[in-house]
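Counting from 23, one number per residue, gives the positions in the sequence shown under the working numbering.
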Amino acid sequence: MSKLAGQHILLGISSGIAAYKTPALVRGLVAQGAEVKVVMSENAHRFVTPTSLQAVSGSPVRNTLWDENAEAAMGHIELARWADQIVIAPATANCIARLAQGQADDLLTTLCLATQAPISIAPSMNQQMYKHPATQTNLQTLTSYNYRLIGPDHGDQACGDDGPGRMTEPEKIIETIITQQYSPMTESEKSNQWGGLHIMITTGPTQEAIDPVRYISNHSSGLQGLSIANAALARGAKVSVIAGPRVPESNSSIKRLNVTTALEMHDAVHQHLDGVDVFIGVAAVADYRVEAIKDKKIKRAETQDPNMSLRLVENPDIIASVVASKSAGLVIGFAAETHNSLEYARSKRQRKGLDAIIVNDVSDHDIGFNSQDNEVTFIHPNGETRYPRQSKGQIAEHLLDEIISVFSKQLDKK
Ligand code: PMT
């Protein structure tokens with residue numbers, strides 16, 4: 023089936039070595055039923071010829087704002103309106119910087135400012151250039167403007183380096199474009215979208231006792247995890263929730279286990295992990311607990327030390343232990359960050375061996391901890407999708423849709 027039938031895709035090509043792969047990308051998009059028009063940056067023709075791109079797309083290729091013939095056929099504003107989506111592949115560091123600055127000094131950047139269509143970019147550059155804080159800041163700016171990132175991949179680079187910055191291969195770009203497009207579902211399709219799958223979710227805070235009256239904890243309410251649990255139940259999944267203290271009641275069809283400490287959460291997860299297809303760690307687990315919990319209330323009068331200190335020991339990393347156990351089909355984490363959020367979340371995903379991670383900025387008190395709304399970026403093997411501020415219920419719906427489409431093969435849902 024042509025999964026992009028009738029879609030108008032405007033492919034922007036900036037001048038990077040990976041541009042030589044774009045005829046294959048155009049061919050693949052056309053094979054999926056898309057109508058493709060190509061716009062090249064000024065120097066992209068050094069890596070791939072407009073003639074080959076015209077041959078595979080079946081349309082004249084444009085590279086300048088000042089082409090009277092082309093403007094007569096379709097002006098650049100009409101072209102921006104024509105596109106159902108814009109895909110820029112490869113997107114060089116320079117192209118990314120110019121888009122982040124909102125420049126409009128060539129046809130491609132002008133189109134990106136003038137369009138209302140979603141824009142996806144597939145970065146491609148040397149690994150040091152990709153890691154440079156300037157590039158990372160520009161990418162964050164673009165995701166805050168709702169640009170979608172596809173890749174980049176890690177590996178050997180044309181310059182001899184090894185690392186992140188390779189353009190994602192054309193087939194994978196096409197797969198991501200298909201995944202990301204909005205596919206309306208009937209209520210009955212939706213109600214069985216997760217049928218036959220067992221999802222386990224940890225949610226809420228953990229509490230680590232200091233003495234019988236005091237504890238170490240955090241501001242998590244458990245709402246984001248419960249929203250995912252409710253949405254998964256409505257889509258036909260079998261749902262287990264391991265909840266920390268003070269998390270509100272859940273639907274009676276959800277298997278619910280209440281715990282207090284990180285150690286209890288760890289044990290409850292592993293006791294019930296068999297047969298879980300998708301594990302989602304939403305809980306804000308305390309990384310440390312008090313080494314020696316006092317059995318009586320600590321009295322100020324008895325301590326006689328104005329600088330009292332508590333010795334803490336590490337708690338187990340629950341989600342990393344789920345990955346290590348290989349008992350769950352997919353393991354997806356959340357990342358609560360206060361700065362450099364995307365960068366930290368990407369490395370957290372790698373460090374913990376997660377299939378995907380969902381990052382939110384918990385320094386913003388209107389979202390994340392203990393609020394009704396959230397704003398997240400979903401980082402997965404096919405790219406990164408930003409969901410702007412909306413209710414935690416709506417975020418849950420988007421995440422479940424995207425998990426099913428990104429991981430359809432692993433979940434046997436094709
Ligand atoms: O509960 P709400 O008020 O609705 O707020 C939602 C939320 C802000 C708590 C949620 O969206 C969120 O960000 N959850 C992750 C909180 C967190 O602890 O993040 P982290 O970056 O410290 O941990 C990363 C991942 O490792 C998480 O999946 C976490 O569950 C897991 N983890 C962390 C430590 C640990 N010892 N064991 C773990 O499993």
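Glycine included, every Cβ here is placed at the ideal spot set by N, Cα and C.
With a 10 Å radius around its C-beta and 16 neighbouring C-beta atoms as the bar for buried, classify Gly80 as buried or exposed.
Along the sequence shown, one-based indexing puts residue 80 at 58. It counts as exposed.
Would you list the residues sitting across from His30 in a DSSP beta bridge?
Stepping through the sequence shown from its first residue, residue 30 is reached at position 8. Its beta-bridge partners are Glu57.
Cβ of Gly182 within 7 Å of any chain C Cβ:
In the structure shown, chain C cannot be found, because there is only a single protein chain.
Give the straight-line distance between the Cα atoms of Ser242 and Pro227, rounded to the nearest whole angstrom.
Residue 242 sits at position 220 when you count from the first residue of the sequence shown. Residue 227 sits at position 205 when you count from the first residue of the sequence shown. Ser242 and Pro227: Cα-Cα distance of roughly 5 Å.
In its own chain, which residues sit with a C-beta less than 6 Å from the C-beta of Lys25, not counting the 5 before and 5 after it?
For the purposes of this step, residue 25 is taken as the residue at position 3 of the sequence shown. Same-chain partners within the cutoff: Gln54, Ile200.
Using only the alpha-carbon positions, how far apart do Gly405 and Arg236 sit?
Stepping through the sequence shown from its first residue, residue 405 is reached at position 383. Stepping through the sequence shown from its first residue, residue 236 is reached at position 214. Near 43 Å, if we compare the C-alpha coordinates of Arg236 and Gly405.
Since Glu365 and Gln158 should fall inside the 8 Å C-beta cutoff, what is the C-beta to C-beta distance between them, to a whole number of angstroms?
Mapped onto the sequence shown, residue 365 falls at position 343. Mapped onto the sequence shown, residue 158 falls at position 136. Right, their Cβ atoms sit about 6 Å apart.
Taking the Cβ atom as the reference point for each residue, do Val61 and Gly34 lie within a distance shorter than 7 Å?
Position 39 of the sequence shown, counted from the start, is the residue given in the question as residue 61. Position 12 of the sequence shown, counted from the start, is the residue given in the question as residue 34. Contact flag set, yes.
Rounded separation between His420 and Tyr409 - CA only
Counted from its first residue, the sequence shown places residue 420 at position 398. Counted from its first residue, the sequence shown places residue 409 at position 387. Those two C-alpha atoms are separated by around 8 Å.
Looking at the structure shown, is Arg236 part of a helix, part of a strand, or coil, going by DSSP?
Start at 1 with the first residue of the sequence shown, and residue 236 comes out as number 214. Coil, per DSSP.
Looking at the structure shown, is Thr163 part of a helix, part of a strand, or coil, going by DSSP?
Here residue 163 refers to the residue found at position 141 of the sequence shown. Note: Thr163 maps to helix in three-state DSSP.
Starting from Ile141, follow its DSSP beta bridges and name the residues at the other end.
The count along the sequence shown starts at 1 and reaches residue 141 at position 119. Beta-bridge pairing links Ile141 to Ile108.
If I'm right that Asp299 touches His220 with Cβ under 8 Å, what's the distance once you round it to whole angstroms?
What you label residue 299 is simply residue 277 of the sequence shown in a count that begins at 1. What you label residue 220 is simply residue 198 of the sequence shown in a count that begins at 1. Rounded, the Cβ-Cβ distance is 5 Å, consistent with contact.
Which of the three DSSP states is assigned to Pro186 in this structure?
In the sequence shown, counting from the first residue as 1, residue 186 sits at position 164. Reduced to three states, the DSSP call for Pro186 is strand.
My guess is that Pro518 and Gln107 are in contact by the Cβ rule of under 8 Å, so how many angstroms apart are they, rounded?
Given a span of 23 to 436 for the chain in the structure shown, any question on residue 518 remains unanswerable.
Starting from the C-beta of Thr198, find all residues in its chain whose C-beta is less than 6 Å away, skip the five residues before and the five after it, and write them out in chain order.
The sequence position of residue 198 within the sequence shown is 176, counting from 1. Within the same chain, Thr198 has close Cβ partners Ile172, Asn404, Gly405.
If I measure Cβ to Cβ from Thr163 and keep anything under 6 Å in the same chain, skipping five residues before and after, which residues do I get?
Numbered from its first residue, the sequence shown carries residue 163 at position 141. Result list for Thr163: Ala122, in chain order.
Heavy atom of the ligand PMT within 6 Å of Gly375 beta-carbon:
Translated into positions along the sequence shown, residue 375 becomes position 353. False, no ligand heavy atom lies under 6 Å from that Cβ.
Asn266 beta carbon near the ligand PMT (any heavy atom closer than 6 Å):
Residue 266 sits at position 244 when you count from the first residue of the sequence shown. Before going further, note that residue 266 is Gly rather than Asn in the sequence given. Every heavy atom of the ligand PMT is 6 Å or more from the Cβ of Gly266, so no.
DSSP beta-bridge partners for Ser272?
Walking along the sequence shown from the start, residue 272 turns up at place 250. BP columns for Ser272 are empty, so no partner.
The beta strand (DSSP E) that contains Asn280, what's its start and end?
By 1-based counting over the sequence shown, the position of residue 280 is 258. That run of the beta strand (DSSP E) goes 277-280.
Between which residues of its own chain and Pro186 is the CB-CB distance below 8 Å, once the five residues before and five after are set aside?
As a working note, residue 186 is residue 164 in the sequence shown. For Pro186, where only same-chain residues beyond five positions count, the Cβ hits under 8 Å are Gln149, Tyr152, Lys153, Pro174, Asp175, His176.
Can you tell me where the alpha helix (DSSP H) holding Leu255 begins and where it ends?
Position 233 of the sequence shown holds residue 255. Looking at the DSSP string, the run of the alpha helix (DSSP H) that includes Leu255 is 245-256.
Let me make sure I understand the geometry here. Which of Leu285, Val345, Thr407 has the alpha-carbon closest to that of Asn382?
Sequence index remark: in the sequence shown, residue 382 carries index 360 (1-based). Ranking Leu285, Val345, Thr407 by Cα distance to Asn382 puts Thr407 first.
Quick one: any contact between the segment 37-52 and the segment 123-138, if contact means 3 or more CB pairs under 8 Å?
no
Would the C-beta of Ser413 count as close to the ligand PMT, meaning under 6 Å from any of its heavy atoms?
Residue 413 sits at position 391 when you count from the first residue of the sequence shown. False, no ligand heavy atom lies under 6 Å from that Cβ.
Nearest to Asn396 by CA position, among Ser413, Ile380, Lys59, Ala259, is which residue?
Indexing the sequence shown from 1 puts residue 396 at position 374. Selected option, being the one with the closest Cα: Ser413.
Is Phe356 near the ligand PMT, in the sense that its beta carbon is under 6 Å from a heavy atom of that ligand?
Residue 356 sits at position 334 when you count from the first residue of the sequence shown. It does: the Cβ of Phe356 is within 6 Å (strictly closer) of some heavy atom of the ligand PMT.
Whose CA, out of Gly303, Pro112, Asn116, lies closest to the CA of Met222?
Indexing the sequence shown from 1 puts residue 222 at position 200. Per the Cα distances, Gly303.
Since Val263 is in the alpha helix (DSSP H), which residue starts that stretch and which ends it?
The residue you call residue 263 lines up with position 241 of the sequence shown. From DSSP, Val263 is part of no alpha helix (DSSP H) but of the beta strand (DSSP E) over 260-265.
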